[in-house]
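Visitor: For the sequence shown, the numbering used here gives the first residue as 6, with consecutive numbering after it.
Right, I'll just put the structure down here and ask away after.
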Amino acid sequence: MQEEIYELIFFVTLCFAITLTLDLLLLPLARLYGGALLVVFSVGRMWVPALSTIIILSLTASIRGEGGLRRSLKKYGLRLGKVAYIFAGAAIPYIIYGIGCLVAIAMGFQVVNPVVEALKGKEIVEKIPLSSEALLVLALLNSLTIGASVNALVALGEELGWRGYLFDELLNVTGSFYKVSIIVGIIWGVWHAPLIVFLGHNYPHHRDIVGVTFFTVLCVVWSIILCRLKERSESIIPPSVMHGVLNALGGLMIFTIRYDDELWTLPVGVIGLLSSVIILLLQEILAVRRFSYIK
């Protein structure tokens, strides 16, 4: 038991050390030049948890005796698993989006077509031979396509580390799904702190403890949803798809609600948190009753 705890501490320390090194070396350049360099930096950063997992498994291969790296990764969910849950993973961000719009209206916020809002004042609007509704449908479909493919592949780097290795190993130590999911969520949220503080990631007006704390709370809620997907599907692919689609929909969500402070909006503000909590409660009611997403 003690050795397992030391190994987990080493994993988290290694992951943060590599990430902070990457941040110190590339974050200033990414901020200065942006564009392609920022994309490369973001993708590389998201794959640090996977890299840390591979390093840990390689160092402990002889002790584990699990028949090689490939088999070890498969054990932590790098496999197809129950395919039906991939569709659940893709659907959840859209449900969060829909419920978030209803919550926003109930709270008195103005909900608008995000495509129209994003293109407002640009000449290209007059050249597009499609209605605003058609553009919104295309944008939603595009988010699904990109989110479930390219974004999911990028998110796989995080999910292999957080919902794969860390979740499974912590579960072996504590045996408590909720405790483990919360711990993973806290670590996941704090891991984003340098991006929030130095890059204004998600919270350009709250590049401080407020932004970091709020995002960590949000990560805890999302972590429970993602960990349940991992547990039920026995794969990190459904969580990766949910993660990827959520990131893809983020741009549309931001432009859907008119706000003065991003701390209130979708997907990373109060409205996003409330919407995600509703999804979490519905999911856990099904879990407690021993139902699955796909009956």
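Each residue gets a CB set at the ideal place from its N, CA and C atoms; glycine is no exception.
Only a predicted model underlies this, so the values are computations on that prediction, with no experimental measurement involved.
Which residue from 102, 291 and 83 puts its Cα closest to that of residue 158?
Guide: Here residue 158 corresponds to residue number 153 of the sequence shown, with the count starting at 1. Ranking the options by Cα distance to residue 158, first place goes to 83.
Visitor: What is the rounded straight-line gap between the Cα of residue 80 and the Cα of residue 111?
Guide: Sequence index remark: in the sequence shown, residue 80 carries index 75 (1-based). Sequence index remark: in the sequence shown, residue 111 carries index 106 (1-based). Cα to Cα, residue 80 sits roughly 44 Å from residue 111.
Visitor: Just how far apart, CA to CA, sit residue 9 and residue 160?
Guide: Walking along the sequence shown from the start, residue 9 turns up at place 4. Walking along the sequence shown from the start, residue 160 turns up at place 155. In a straight line, the C-alpha of residue 9 is about 26 Å away from that of residue 160.
Visitor: Report all residues from its chain with a CB closer than 6 Å to the CB of residue 141; omit the five preceding and five following residues, and keep chain order.
Guide: The residue given as residue 141 occupies position 136 in the sequence shown. Counting only Cβ-Cβ distances below 6 Å, and skipping sequence neighbours, we find 118 and 120.
Visitor: On a Cα-Cα basis, can you pick out the residue from 252, 282, 231 and 212 that is closest to residue 267?
Guide: By 1-based counting over the sequence shown, the position of residue 267 is 262. Among 252, 282, 231 and 212, the Cα nearest to that of residue 267 belongs to 212.
Visitor: With residue 193 as the anchor, note down where its alpha helix (DSSP H) starts and where it stops.
Guide: Within the sequence shown, numbered from 1, the residue matching residue 193 stands at position 188. Residue 193 -> alpha helix (DSSP H) spans 182-196.
Visitor: Does residue 11 come out as helix, strand or coil in the three-state DSSP assignment?
Guide: Numbered from its first residue, the sequence shown carries residue 11 at position 6. In this structure, residue 11 counts as helix in the three-state DSSP scheme.
Visitor: The alpha helix (DSSP H) with residue 93 in it runs from where to where?
Guide: Along the sequence shown, one-based indexing puts residue 93 at 88. Unbroken alpha helix (DSSP H) run through residue 93: 89-111.
Visitor: Which one of 181, 56 and 248 has the shortest CA to CA distance from residue 17?
Guide: Counted from its first residue, the sequence shown places residue 17 at position 12. Nearest C-alpha to residue 17: 56.
Visitor: Work out the CA separation of residue 73 and residue 282 for me, nearest whole Å.
Guide: Residue mapping note: residue 282 aligns to position 277 of the sequence shown, counting from 1. Residue mapping note: residue 73 aligns to position 68 of the sequence shown, counting from 1. If I take the Cα positions, the gap works out to 39 Å.
Visitor: Going by the CB atoms, is the gap between residue 151 and residue 35 shorter than 8 Å?
Guide: Position 30 of the sequence shown holds residue 35. Position 146 of the sequence shown holds residue 151. Contact flag unset, no.
Visitor: Let's test the definition: count the other Cβ atoms within 10 Å of the Cβ of residue 39 and tell me whether it reaches 16, buried, or not, exposed.
Guide: Reading the sequence shown from its first residue, position 34 is the one you call residue 39. Exposed: under 16 other Cβ atoms inside 10 Å.
Visitor: Three-state secondary structure (DSSP) at residue 262?
Guide: Counted from its first residue, the sequence shown places residue 262 at position 257. DSSP places residue 262 in strand when its eight states are reduced to three.
Visitor: In terms of residues, what are the limits of the alpha helix (DSSP H) holding residue 288?
Guide: On the sequence shown, position 283 is the one that residue 288 refers to. Residues 275-293.
Visitor: Would you mind reading off the limits of the alpha helix (DSSP H) that contains residue 150?
Guide: The residue labelled residue 150 in the question sits at position 145 within the sequence shown. Segment 137-151, the alpha helix (DSSP H) holding residue 150.
Visitor: Could you tell me the alpha carbon to alpha carbon distance between residue 227 and residue 52, rounded to whole angstroms?
Guide: The count along the sequence shown starts at 1 and reaches residue 227 at position 222. The count along the sequence shown starts at 1 and reaches residue 52 at position 47. Cα to Cα, the separation comes out at about 19 Å.
Visitor: Are the CB atoms of residue 232 and residue 193 nearer to each other than 8 Å?
Guide: Along the sequence shown, read from residue 1 onward, the residue named residue 232 stands at position 227. Along the sequence shown, read from residue 1 onward, the residue named residue 193 stands at position 188. Contact flag unset, no.
Visitor: Distance check for residue 108 and residue 380, CA to CA, integer angstroms please.
Guide: Residue 380 falls outside the range modelled here, since the chain spans only 6 to 300, and no answer is possible.
Visitor: If distances are taken between C-alpha atoms only, which option among 195, 169 and 210 comes closest to residue 222?
Guide: Locating residue 222 in the sequence shown gives position 217, where the first residue counts as 1. That would be 195, whose Cα lies nearest to the Cα of residue 222.
Visitor: From 37, 291, 105 and 166, pick the residue whose C-alpha is nearest to that of residue 270; which is it?
Guide: The residue labelled residue 270 in the question sits at position 265 within the sequence shown. The shortest C-alpha separation from residue 270 is found at 105.
Visitor: If we ignore side chains and look at the alpha-carbon of each, how far apart do residue 125 and residue 255 end up?
Guide: Here the question's residue 125 lines up with position 120 in the sequence shown. Here the question's residue 255 lines up with position 250 in the sequence shown. About 18 Å.
Visitor: For residue 116, name the three-state secondary structure that DSSP assigns.
Guide: Walking along the sequence shown from the start, residue 116 turns up at place 111. Strand.
Visitor: Measure the alpha-carbon distance for residue 95 versus residue 247 and round it to whole angstroms.
Guide: Working through the sequence shown from its first residue, we reach residue 95 at position 90. Working through the sequence shown from its first residue, we reach residue 247 at position 242. Looking at the two C-alpha atoms, the distance is approximately 5 Å.
Visitor: Can you look up residue 239 in the DSSP assignment and give me helix, strand or coil?
Guide: Along the sequence shown, one-based indexing puts residue 239 at 234. Correct three-state label for residue 239: coil.
Visitor: Report yes if the CB atom of residue 49 is closer than 8 Å to the CB atom of residue 29, and no otherwise.
Guide: Within the sequence shown, the letter at position 44 stands for residue 49. Within the sequence shown, the letter at position 24 stands for residue 29. Contact: no.
Visitor: Is it buried or exposed, residue 189, if we count other Cβ atoms within 10 angstroms and call 16 or more buried?
Guide: As a position in the sequence shown, residue 189 is number 184, starting the count at 1. Residue 189 comes out buried.
Visitor: Heavy atom of the ligand GTP less than 7 Å from the Cβ of residue 277, yes or no?
Guide: Looking at this structure, you won't find the ligand GTP or any other ligand, since it has none at all.
Visitor: Looking only at its chain, what residues have a beta carbon closer than 8 Å to the beta carbon of residue 203, apart from the 5 residues adjacent to it on each side?
Guide: Along the sequence shown, read from residue 1 onward, the residue named residue 203 stands at position 198. Hits under 8 Å: 28, 32, 36 and 212.
Visitor: Just how far apart, CA to CA, sit residue 235 and residue 241?
Guide: Taking the sequence shown and counting its residues from 1, the one referred to as residue 235 is at position 230. Taking the sequence shown and counting its residues from 1, the one referred to as residue 241 is at position 236. Whole-angstrom Cα-Cα distance: 6 Å.
Visitor: Which of the three DSSP states is assigned to residue 248 in this structure?
Guide: As a working mapping, residue 248 is identified with position 243 in the sequence shown. Residue state, collapsed to three classes: helix.
Visitor: Can you check whether the CB of residue 185 is closer than 8 Å to the CB of residue 198?
Guide: Walking along the sequence shown from the start, residue 198 turns up at place 193. Walking along the sequence shown from the start, residue 185 turns up at place 180. Cβ distance not < 8 Å, so residue 198 and residue 185 don't count as in contact.
Visitor: Given that a residue counts as buried once 16 or more other Cβ atoms are within 10 Å of its Cβ, and exposed if not, what is residue 134?
Guide: Working through the sequence shown from its first residue, we reach residue 134 at position 129. So residue 134 counts as exposed.
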